[in-house]
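Engineer: So that we are looking at the same thing, I have put the structure below in structure tokens.
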Amino acid sequence: MEQRHQTRYSLCARADFKWRDREGIHHRGEGFTRDISPTGMFVYTDSHPPAGTHIRVELCLSSLAEGASALRMSAKARVVRVNPVTPGGPQGGFAAVSKTFLLHSSKKDATA
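In our numbering, the protein residues as written are 1012 to 1123.
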């Protein structure tokens, strides 16, 4: 049964994420979003955190206007579903939910 209550929007943006496992070891991963909504996202990646894991994720959004700086969107999220990578199957990834997304100017593009 469909549990989503928000509209999803197709978006291919670089996603960098990190998490700690049960032993406290830090992990990092990267991928690309398939879609986002006001409360979550799906990320294509080969290095996914387990379902139930709390992650920090940062998306790099291309500038929307010529000459404008790129933006970064960050969130604390929880992985709710993992689609493992399978040989010959669809690309793997994970779905995550978040209550809040924050929008920032890109650190690399910031001017003094």
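The beta carbon of each residue, even a glycine, is placed where N, CA and C say it ideally should be.
(1) So A1062 is in the beta strand (DSSP E); what residue range does that whole segment cover?
(2) Use the C-beta contact count for L1113: other C-beta atoms within 10 angstroms, 16 or more gives buried, fewer gives exposed.
(3) Could you tell me the boundaries of the beta strand (DSSP E) in which K1087 lies?
(4) How close, in whole Å, do the beta carbons of K1110 and I1066 come, if the pair is a contact with beta carbons under 8 Å?
(5) Please classify L1072: does DSSP put it in a helix, a strand, or coil?
(6) With the cut-off set at 8 Å, would you say T1056 and G1042 are in Cβ contact?
Structural biologist: In brief:
(1) Taken as a continuous stretch (DSSP letters only), A1062 belongs to no beta strand (DSSP E), as it is neither H nor E.
(2) exposed
(3) L1082 to N1094
(4) Actually they do not touch by this definition, with Cβ atoms about 14 Å apart.
(5) strand
(6) yes
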